[in-house]
Structures are given as C-alpha cells and as structure tokens.
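Protein chains in written order, with our numbering: chain C, 1 to 111; chain V, 1001 to 1121; chain X, 2001 to 2332. Glycine included, each C-beta is placed from N, C-alpha and C at the ideal position. Here the structure is a predicted model, which means the values were calculated and not measured. Worksheet: one structure, shown below.
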Amino acid sequence: MKLKELVKSLNLKVLVGRDLLDRDVTGGYASDMLSDVLANSDKGYIWVTMQTHPNVPAVASTKDLSGIIIVNGRKPEAQTLRKAEEKKVPILVSQWSTYKVVGKLYELGIR
Amino acid sequence: MKIKQIMKILEAEAIGAQRDNLDIKTGCGSDLMSDVLVFTRPGSMLLTGLTSRQVIYTASTAGVEAICFVRGKKPPEETIKLAEEKKIALMITNLPMFESCGRLYDKGLVGCSELAGASEK
Amino acid sequence: MKRKTWLFGTSGSTGKTKGRTRRPPRIQKTAKTQKTQQLSYELKIKEAMSKKVLTLKPNRTMMDVRKVLKDHRFTGIPIVESGRLVGIVSIEDLINCLTAGSMETMVKDIMTTKVVTLFSDEPLIHAINKFGSHGFGRFPVLDRDSKKLMGIITKQDIIECLLSTLQSLYHARESKKGNRYQVARLFADVPSDWTTLILKYHVKGGDFGKAGEKSDQLKGNLLKLGYADEQIRRLIISALEAEMNLVIFTSGGDMIAQIEPDKMTVKVIDDGPGIPDIELAMQPGYSTAPDFVRELGFGAGMGLPNIKNCTDEMKLESWPGKGTNLEFSVYS
C-alpha cells in the first residue's frame, strides 16, 4: 500500500514529505519508546507515535521507515520538522488516538 | 467487552489477581504517562510496554481498570503488587502494540479520544 | 387410591392444581424491599437449599413414612432410587392410609411420581414464585444435568438465605465506611472565618522508584476525608504531573494540599533550576526532559499543559537558577 493511500483513508495532515508519498508501506509499528522502535521495527513500516521531539525522525531515518504518523493532533517542534525534511522522513498528523489510528490501519490490511 | 474475550483476542495471559467480570468500555495504547492521564476514561484498558510502578499510579489516577503489557514485557513484582492493591487487572501478550490495538479495534472495542480535563470542566 | 397428577416441575409450570391455585406473591417495590428483590434474582436455589435430605426407598412402607414424618414434622418426603428422585409421599397420603388401615402399603404404590421440583441453578425468585402458586411446604431440588436429588428447599430456607446475605452485605459496607471521616462535617462543626486542612508532602528529586507515591497518598487521604473519586480526579491528575516534574527536573520539593469547604488547592514549591521560558514550557509537546526519562514514559512535554487543562485556576512563577512555585486549584 502506498503512503498516499493512507493519507487519504485516514485523513492525515502532511507536514513533511508531500513529495515522498509514493513510498510503499510494508507494515506498521506503534510505540512511544525509541529504544523499542530501534529494536523491533522494520524497513518500510509506518510508525505511529505521540512523540514529537527531534530524535523521532532520526530514529525513523536510521530504520528506513516509510513515515511517521503523529497522533492526537500533536504539533511537532520546529526542530523536529527540520530534521525530518533533512532526513527525508514524511511526518503526518492525525487527530485520532494511537489506538484508533492503528485500528484504522489494521482495517486497511496493514500488519 | 468482557476481559476474558479481550484476553482471547490478544492471546494474553493474566498476571496477578483476576477480575473475571470486568467489562471494558474503551481502549488506549500509549507509552507516555501524561497522555494516559489525559486521554483515558474510567472503565478503559491501557495497552503499554511500560512496566514501572508509575504506570499503575497513572492508571489508578486516570481510572483505567485493566492494563495489557505488550511485546511480552513482564512487569516486576512491585508493579504487580501495586496493581493488586489498586484493583487493576493485569495481563501480558507477546503481540506488539500495533497488532494488539488492531485486533481489538477490529473486534469492536472503541478508543478513548477525548481530552479528560477539557471535557470534565 | 386416586393418583394425584401434579404438573411436571420445571421452571415455568403454572401449578394449577385443583383447589390450590394461588397467585405469586406480590413484592411491593419500596426502596427497602428493592435490595431483597434484587437478591432473590441473584441468589441461586443451591445457595439456600438444605443439602441434607431425608429420603426413603420405594420399597419402604407407610409405617416408615409415619415415623419419619412424625419425628421430623415434615409434610412430605422424597422417594429416591439410586440418587434419583422417583416420587414423593405427602402427609395427605399418610392420613389416607391411616384411615384405610393400609399402613403396610409400599411407598412405591402410593407415591406421586410427577413431582414439582426446582433446579439447583435456578434463581431464588423461582422458588418464591412456586411457593406462591403451589400450596406445598417444600420442593425437592434437582441437578439440571444429572437430574439427581441435590437437596430440598423450604420457605424458611429462603428467608434465612436472604437474611444472611443482607447481613454480610451490610457488614461489608459498614467496614468500608468505617475509615471515612466526613470533611464536610469538619467544616460545619468547626466554624471560623477561615477553616482549612493542610496536608504537606515532600518529594525527593531523581527518585524514580517512588515517583507517584505522594500524589497517590494525597488521593487516598482525600477519599478517606469523604470526597468521591470523580470530585478529586482532576486534582490528582495535576498533582501526579507536578510530582513527576519535581522528580525529573529538581533535587526535590514540597507539595502542599490545602483543603477548604469550596475548593482544593495544591502548591508545589521547589528550589530547582527554574523554567527559563514559561510560555514555551506551557506548549503541548515541548519538553526539556533528558532522553532516559522518555524511555520511562515521561517527558512528553504534556505535564504543565495537562495541569492547565484539568484545573480551574493555575499560577506559575519561576526564577531561573532559584526555583519554581506552581499553584493550582479545583473547585469542589
């Protein structure tokens, strides 16, 4: 599934990476603990989190994730957005909670 | 959704004292305590990878009735004891957060999405 | 001897035996009887019945029946073969035999085989209704699956069961209440121009093992003082956030809870590093917490915004390098 389909289905706001939405999403990972994401996520996964600090895009880039969905309508810090642009990590925002976002992704067939 | 059904869906094992007749109304997945405080409602279940005592204090303050530790994270004795004191049911699943929330949502357990403070004032 | 035909006893039988039709008892729905009525739906017959049942085998005679009924003042006795109920003999049967002089008759020739019974897993209300619709003094109780005789139930059994359950519930409730003072009573009984109760807690900085304990203690105390969970929820959420801030960012501080008749206030005072930019700190998501703290589930940058959202009043003053004073209130 392409990232842009997710954006459409979940009504996500694109803060960074409008030109990167053609990426393939290979799975999903939900966690707010960076060490956990570093250990357990895989290339191409979409990362669902509430964290908004600059380490987030850094980790996403390290693990080659397809993008980050920030939940509960949180606004990432300016530095976070800058880092994401630099590392080419799409940042998408949802008004929903982690639980609901994951539920909807699961419905779309993302595992 | 009855807690026994939840345990079946998540292939989860109960830890500590049981609360067999518990009926859970909403689900919330988070590893951040402040957000647990804000976004959970009384009668909800928290899915988390955190196993510290603070999770129990936070859950108790927020009115969370059950906690499912995901990713096979087993909590230490002191966390289990505190949960028993606070009458919070505990369970553990090897499934990751994504799969756990996905399955429960799929089976009809809704999420809690309102701001606790704002809606109560 | 005319064989009486009683309706087969499963739940739902209407018991229209000739001359003995009675309407089920009407339970007046006052507050006092509501609990009792509720219990009669919740309690099961097996909880009220007597498990010790005197029975006779079918090959006994009416002489044996006479002895049992006389010795125990029963009005009927179940007839059992290999644990299964095969019939019932009543005092009426005995009187008929006495009158006819046929006391040598075997029980199996006189017993009624279609017996009104109850199942042990049925709610008590079924028994109450059956007593109302039949004129019998007792009903045999069977196991639903094996149909074996499990016990016998009388009106007295029902009364005793209800009373003892009500008694236990009352005791449980009273012992819970025992620990509660009523702070409202305190304010009413000790009038002054300003009556207040103050609870002070010291929070150690950096002690992640104990973080959360003090706001939990505050919660316990407020509950003991008679406040309801819902009334104090917003205050305790804020206290927990404030306590975490003390643990994460300072070397320690004090949380002082002030309880007045119409509001509760918590003052949080520390001499830690202070907050250089309060506006920035109040932004949701902004956090200066070190990374290891995030791994513990904190430092999401929501502490102060949460407190602001949850409380009715909030005041924050800080002097970088000197300390911070935070004060928030919730109206009761």
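What residue range does the alpha helix (DSSP H) around lysine 4 (chain C) cover?
Judged by DSSP secondary structure, lysine 4 (chain C) falls within the alpha helix (DSSP H) whose first and last residues are 3-9.
Under 8 Å between C-beta atoms of serine 1044 (chain V) and valine 1064 (chain V):
Judged by beta-carbon spacing, valine 1064 (chain V) lies within the 8 Å limit of serine 1044 (chain V), meaning their Cβ atoms are closer than that value.
Runs of beta strand (DSSP E) wholly within the region 1036-1060 of chain V (minimum 3 residues, chain order):
Those beta strand (DSSP E) runs which fall completely within the region 1036-1060 of chain V and span 3+ residues are 1044-1048.
If you reduce the DSSP assignment to three classes, tell me which class cysteine 1101 (chain V) lands in.
In this structure, DSSP gives cysteine 1101 (chain V) a helical state, which the three-state scheme calls helix.
When burial is assigned at 16 or more other CB atoms within 10 Å of the CB, is methionine 2302 (chain X) buried or exposed?
Under this definition methionine 2302 (chain X) is a buried residue.
Serine 1110 (chain V) in three-state terms, based on DSSP
Note that residue 1110 (chain V) is valine in the sequence shown, not serine. Strand, per DSSP.
Taking lysine 2130 (chain X) as part of the alpha helix (DSSP H), name the residues at either end of that continuous run.
From DSSP, the alpha helix (DSSP H) with lysine 2130 (chain X) extends over 2124-2133.
Among X:Ala2239, X:Ala2257 and X:Ala2289, whose alpha-carbon lies nearest the alpha-carbon of asparagine 2306 (chain X)?
Out of X:Ala2239, X:Ala2257 and X:Ala2289, X:Ala2239 has the C-alpha closest to the C-alpha of asparagine 2306 (chain X).
8 Å Cβ cutoff, aspartate 2262 (chain X) in contact with chain C:
Chain C contact via Cβ: absent.
Anything in the region 1029-1046 of chain V with a Cβ closer than 9 Å to a Cβ of chain X? List those residues in chain order, please.
The region 1029-1046 of chain V vs chain X, Cβ under 9 Å: Ser1030, Asp1031, Leu1032, Met1033, Ser1034, Asp1035, Val1036, Leu1037, Val1038 and Pro1042.
Thinking just about the alpha-carbon of each residue, which of V:Ile1056, V:Pro1076, V:Pro1096 and V:Thr1061 is nearest to the one in isoleucine 1067 (chain V)?
Comparing Cα positions, the closest option is V:Ile1056.
Rounded C-alpha distance that separates lysine 2046 (chain X) from methionine 1007 (chain V)
Distance between the alpha carbons of lysine 2046 (chain X) and methionine 1007 (chain V) is about 31 Å.
Is there a Cβ from chain V that is less than 8 Å from the Cβ of methionine 50 (chain C)?
True, the Cβ-Cβ gap to chain V drops below 8 Å.
Which residues in the same chain have their Cβ closer than 8 Å to the Cβ of leucine 2246 (chain X), if we skip the five residues on either side of it in sequence?
Excluding the 5 residues flanking it on each side, leucine 2246 (chain X) has same chain C-beta neighbours closer than 8 Å at Val2203, Gly2205, Gly2252, Gly2253, Met2255, Val2268, Asp2270 and Gly2272, in chain order.
Interface residues of the region 13-39 of chain C facing chain X [CB-CB below 8 Å]
Flagged, chain order: Asp32, Met33, Leu34 and Ser35.
Taking Cβ-Cβ distances shorter than 8 Å, what residues in chain C pair up with tyrosine 2286 (chain X)?
For tyrosine 2286 (chain X), the chain C residues whose C-beta falls within less than 8 Å of its own C-beta are Glu77, listed in chain order.
If contact is defined by three or more beta carbon pairs under 8 Å, each pair taking one atom from either stretch, is the region 38-54 of chain C in contact with the region 17-27 of chain C?
The region 17-27 of chain C is in contact with the region 38-54 of chain C.
Give a yes or no on whether 8 Å exceeds the smallest Cβ distance from aspartate 2277 (chain X) to chain C.
Among the residues facing chain C, aspartate 2277 (chain X) is not included, as its CB has no counterpart in that chain under 8 Å away.
State yes or no: is the beta carbon of asparagine 55 (chain C) nearer than 8 Å to at least one beta carbon in chain X?
Judged by the 8 Å Cβ criterion, asparagine 55 (chain C) is in contact with chain X.
Could you work out which residues of chain V lie near glycine 103 (chain C), taking near to mean beta carbons separated by less than 8 Å?
Within 8 Å of the CB of glycine 103 (chain C), the CB atoms of chain V belong to Cys1101, Gly1102, Leu1104, Tyr1105, Asp1106 and Gly1111, in sequence order along the chain.
Name the chain C residues whose beta carbon is nearer than 8 Å to that of aspartate 2291 (chain X)?
Identification of chain C residues near aspartate 2291 (chain X) by a Cβ-Cβ cut-off of 8 Å yields Leu34 and Asn55, ordered along the chain.
Give a yes or no on whether 8 Å exceeds the smallest Cβ distance from arginine 1053 (chain V) to chain C.
Output row for arginine 1053 (chain V): interface = no.
Contact defined as beta carbons within less than 8 Å: I believe isoleucine 1965 (chain X) pairs with isoleucine 2198 (chain X). What is the distance between those atoms, to the nearest angstrom?
Because chain X here runs from 2001 to 2332, residue 1965 (chain X) falls outside it and cannot be looked at.
Would you please verify whether the beta carbon of glutamate 2295 (chain X) is less than 8 Å from any beta carbon of chain C?
For glutamate 2295 (chain X), the closest Cβ of chain C is nearer than 8 Å.
9 Å Cβ cut-off: residues of chain V touching arginine 111 (chain C):
In chain order: Phe1098, Glu1099 and Gly1102.
Just to make sure I have the definition right: I need the residues of chain V whose C-beta is within less than 8 Å of the C-beta of phenylalanine 2298 (chain X). Which are they?
Taking a Cβ-Cβ cut-off of 8 Å, the neighbours of phenylalanine 2298 (chain X) in chain V comprise Leu1032, Met1033, Ser1034 and Gln1054, given in sequence order.
Do the CB positions of glutamate 2317 (chain X) and asparagine 2325 (chain X) come within less than 8 Å of each other?
In contact: glutamate 2317 (chain X) and asparagine 2325 (chain X) (Cβ atoms closer than 8 Å).
Going along the region 1061-1077 of chain V in order, which residues come within less than 9 Å of chain X, judged by CB to CB distance?
Those would be Thr1061, Ala1062 and Gly1063, in chain order.
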